[in-house]
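Asker: Here the sequence shown is numbered in my numbering, starting from 16 and rising by one per residue.
The following block contains the structure, expressed as C-alpha cells.
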Amino acid sequence: METKLFDREGKEVGVVKLADDIFNQQINKVLLWENVTALLKNQRKGTACTKSRAEVRGGGKKPYRQKGIGWARHGSIRSPIWRGGGVTFGPKPRDYRVNIPKKKKFKALLSSLSAKAKEERIKIITELTVDSPKTKEIAGILKKFNLEQAKTLLSTEKIDNNLKLACRNIPNLTLKRVNEINCLDILSADYLLMTKNALQELEKRCATKK
C-alpha cells in the first residue's frame, strides 16, 4: 500500500510505502470495542461519593412520636425519603481501571491504523519542526492540508517545547509522540497527520512486537 508524501506547503513531493502488516490488516471491530471501552474506563477518576443515612450528620432522635398526630411514622430525619437525608445505593469511590493484554492492545492499534488507511485519512508530511512557539505556523500548515476544521491527530517522533506550545491552543488538534498513540487516539480523530520519521518509528515499534 502506498500514500502520497507532502511537504509543509501541502504539495505532493513523492510517495511513501505503508507496510501491509501494519496498515492493511483485517479490521477487528470487536477487539476495537474492547480496547476503546477499556481505555475510556481507565480515564474515569472514580471519585464520586455520596453519604448514606449512616454517614449523614444528625437524625439520632425520633422527630416526633409514633402515634396520635395523623402523620406518617418516622424514626429519623436523615432517612433517604427526607430532604437532607442519606442517599440510597449512591456512588462510592472505586477503581474503574481495566487491564488490557499487550497483544490485544497491539492488534487493536493495527486495526485502527488499517481503518484509517483504507479510508485514505492518513497524511504523511516530510518534517514538522518550528523555531518558535507560534500557533500561527502550525495553524497555517493545517490549513494547507484542509484540516483546520477536522479533528486531527498529529504524531511525531519527538516533541520539543516549541512544537508543544505551538499546538496547545489549536482546537481539534491532538499532539502525541508516535510511540504513545493508541487505538482510541486514532479512532477519535478524523485524520492522522504523521511525519515521515514518525512513520519509520512506528514501523520499528510494530516490528519489535511481532
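Backbone N, C-alpha and C define an ideal beta-carbon position, used for all residues, glycine too.
(1) Alpha carbons only, please: which of E172, G83 and N194 is nearest the one belonging to A210?
(2) Give every residue of the same chain whose Cβ lies closer than 6 Å to the Cβ of I92, excluding the five residues on either side of it in the sequence, and list them in chain order.
(3) Counting C-beta neighbours from all protein chains within 10 Å, is the total for C182 16 or more, i.e. buried, or is it exposed?
(4) Using only alpha-carbon positions, find the residue among A213, K56 and N184 that is nearest to K191.
(5) Do three or more CB pairs link the region 156 to 164 to the region 194 to 203 at distances below 8 Å?
(6) Could you say which of L180, R112, T150 and K82 lies nearest to R59 if we only look at CA atoms?
(7) Sorted by chain position, which residues of the same chain lie with C-beta nearer than 6 Å to N187's C-beta, five sequence neighbours on each side aside?
(8) Which residue comes first and which comes last in the alpha helix (DSSP H) that contains S129?
(9) Exposed or buried, A222, counting other C-beta atoms within 10 Å across all chains shown (16 or more means buried)?
(10) Exposed or buried, what is C198 when buried is set at 16 or more other beta-carbons lying within 10 Å of its beta-carbon?
Answerer: Judging by the given coordinates:
(1) Within the sequence shown, the letter at position 195 stands for residue 210. The sequence shown places Thr at residue 210, rather than the Ala named in the question. Residue E172 is the option with its Cα nearest to T210.
(2) For the purposes of this step, residue 92 is taken as the residue at position 77 of the sequence shown. Result list for I92: G74 and P78, in chain order.
(3) Along the sequence shown, one-based indexing puts residue 182 at 167. By the neighbour-count criterion, in which 16 or more other beta carbons inside 10 Å mark a residue as buried, C182 falls on the buried side.
(4) One-based indexing of the sequence shown puts residue 191 at position 176. Cα-wise, what sits closest to K191 is A213.
(5) In short, these stretches do not touch, since the Cβ pair count stays below three.
(6) Within the sequence shown, numbered from 1, the residue matching residue 59 stands at position 44. Across the set L180, R112, T150 and K82, the C-alpha of R112 shows the shortest separation from the C-alpha of R59.
(7) One-based indexing of the sequence shown puts residue 187 at position 172. Apart from sequence neighbours up to five positions away, the residues of its chain that approach N187 with a beta-carbon distance below 6 Å are K166, ordered along the chain.
(8) Here the question's residue 129 lines up with position 114 in the sequence shown. Under the DSSP assignment, S129 falls in the alpha helix (DSSP H) whose first and last residues are K117 to K133.
(9) Sequence index remark: in the sequence shown, residue 222 carries index 207 (1-based). By the 16-neighbour rule on beta-carbons within 10 angstroms, A222 is exposed.
(10) As a working mapping, residue 198 is identified with position 183 in the sequence shown. A residue is called buried once 16 or more other Cβ atoms fall within 10 Å of its Cβ, and C198 is buried on that count.
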